[in-house]
Amino acid sequence: MRRKCEVPNNESFKLNSDWNATIQLFLQDCKVRNFSKESITRYRKGLEKLSQHLITLQLQLCDLSPTVFKKQVLPSLLDEGLALRTINCNLHIYKSFAQLLYEEGRMTEPFAAEVRLFKLQPSVAHTFTNEHLYSLLTLPDRTTFTGLRNYVMMLTLLDTGIRLKELANLQVTDVLLDEGSLRVNHGKGRKSRLVPIERIAADELKRYLLERGTLNHNFLWVTLDNKPFLPGGIRTMIARYCQSAKIKGIQCSCHTFRHTFAKKYLLNGGDVFTLKSIMGHAHIETTEMYVELFASDLQAQHEKFSPIEHLAEALNLLSESEVNGK
Numbered sequence: 001m002r003r004k005c006e007v008p009n010n011e012s013f014k015l016n017s018d019w020n021a022t023i024q025l026f027l028q029d030c031k032v033r034n035f036s037k038e039s040i041t042r043y044r045k046g047l048e049k050l051s052q053h054l055i056t057l058q059l060q061l062c063d064l065s066p067t068v069f070k071k072q073v074l075p076s077l078l079d080e081g082l083a084l085r086t087i088n089c090n091l092h093i094y095k096s097f098a099q100l101l102y103e104e105g106r107m108t109e110p111f112a113a114e115v116r117l118f119k120l121q122p123s124v125a126h127t128f129t130n131e132h133l134y135s136l137l138t139l140p141d142r143t144t145f146t147g148l149r150n151y152v153m154m155l156t157l158l159d160t161g162i163r164l165k166e167l168a169n170l171q172v173t174d175v176l177l178d179e180g181s182l183r184v185n186h187g188k189g190r191k192s193r194l195v196p197i198e199r200i201a202a203d204e205l206k207r208y209l210l211e212r213g214t215l216n217h218n219f220l221w222v223t224l225d226n227k228p229f230l231p232g233g234i235r236t237m238i239a240r241y242c243q244s245a246k247i248k249g250i251q252c253s254c255h256t257f258r259h260t261f262a263k264k265y266l267l268n269g270g271d272v273f274t275l276k277s278i279m280g281h282a283h284i285e286t287t288e289m290y291v292e293l294f295a296s297d298l299q300a301q302h303e304k305f306s307p308i309e310h311l312a313e314a315l316n317l318l319s320e321s322e323v324n325g326k
């Protein structure tokens, strides 16, 4: 039986002390599970959003049940007019929060367990064309250190599909040229993985390592002052090259290289399960989104290389030759 909540007598409704204590318990659990600072901040903000709605609805923590959440809290969230992607992000937080409370015996059932995430339309994934890539890769002056570094960074992004922060956090010891891979130690969700890198990019990376030399730190990418090349600087570098290449109509960023890698991987016959592993996606649904986004390109590629079409063409030619021979 659910215990009855104590309702504040004052006119200004406030959440009781149980709420703040429970939030701190949850955030501490996130730290123990080695969540990144960015994730913990996002979780805290999501729970602050939930607290605002509970105050508006004059609900305490002990009022929350699957029915109350579904019939009162969720409609309140939707009425705020937030994007469904943002609501899904918050729902993911609430599900984790409710599950912890249930496991800790503070609730008889997780209040958000029955709520499903909203189905989203795939967003546009901007990609570079071959002409864009040619322009970008011919811009750096590879006779200079920064030009070589920038060229190799763009090659690495295109050949591996890694994220901006993953690129910036690479250490010299993460470059496993003998194995033909890079070790990503601080991927999304703090998960590590090995990412293949092929011969051309690997050879240029080896050349860069010789130019970088031995320093008193292990960061792979460095500035002229031998300091780590930070994500903000990398982001600015990519934006400037895109501007110089006069690339318009698409978002120019490290993530555009990531989308381009995914598209070319699929068009060249790569399978979605291997792509999931390379890109470090937690769920196969995220990877399958690329299949939906590039469906028309994949269809055109299939028509171009369809074995049945080629077989039919060969049979037609064979039939004609036989007829002519007779």
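Under full-length UniProt numbering, the sequence shown has 144 at position 144, and the numbering climbs by one with no breaks.
The beta carbon of each residue, even a glycine, is placed where N, CA and C say it ideally should be.
Since this is a predicted model, take the numbers as computed values, not measurements.
- If you check the CB distance, Leu78 and Leu54 do not come in under 8 Å.
- For Val68, the secondary structure class from DSSP, reduced to helix, strand or coil, is helix.
- Secondary structure in the segment 21-102: no beta strand (DSSP E) run of 3 residues or longer lies completely within the stretch.
- By the criterion of at least three beta-carbon pairs nearer than 8 Å, the segment 212-220 is not in contact with the segment 236-243.
- By the Cβ neighbour-count rule, Ala125 is buried, with 16 or more other Cβ atoms within 10 Å of its own.
- A distance of 8 Å or more separates the beta carbons of Leu158 and Cys254.
- When C-beta atoms of the segment 46-62 are compared with those of the segment 87-97, three or more pairs fall below 8 Å, so the two segments count as touching.
- According to the DSSP assignment, Val272 belongs to the alpha helix (DSSP H) that extends over Val272 to Met279.
- In the DSSP assignment, Pro231 falls within the alpha helix (DSSP H) that extends over Pro231 to Ser244.
- A residue is called buried when at least 16 other Cβ atoms come within 10 angstroms of its Cβ; Thr287 meets this threshold and is buried.
- For the pair Leu82 and Phe111, the CB atoms are not nearer than the 8 Å cut-off.
- Note on geometry: alpha-carbon atoms of Gly161 and Phe257 lie some 7 Å from one another.
- When Thr67, Phe118 and Leu137 are compared, the shortest CA-CA separation from Thr108 is found for Thr67.
- A distance below 7 Å between beta-carbons, with the five flanking residues on each side excluded, links Ser181 to the following residues of its chain, in chain order: Leu194, Val195, Pro196 and Ile197.
- When the five nearest sequence neighbours on each side are left out, the beta carbons in the same chain lying within less than 8 Å of the beta carbon of Leu117 are those of Asn88, Leu91 and His92, in order along the chain.
- The beta carbons of Lys31 and Ile40 sit about 7 Å from each other, so the pair counts as a contact at 8 Å.
- The beta carbon of Ser135 lies closer than 6 Å to those of Ala245 in the same chain, with the five residues before and after it left out.
- In the DSSP assignment, Ser135 falls within the alpha helix (DSSP H) that extends over Asn130 to Thr138.
- Shown here for Phe13: same chain residues with a beta carbon closer than 7 Å to its own, the five before and five after excluded, namely Ile55 and Gln58 in chain order.
- DSSP places Leu224 in the coil class of the three-state scheme, outside both helix and strand.
- Around Tyr265, the same chain offers Gly161, Leu275 and Ile278 as residues with beta carbons nearer than 8 Å, after the five sequence neighbours per side are excluded.
- In the three-state reduction of the DSSP assignment, Leu177 falls in the coil class.
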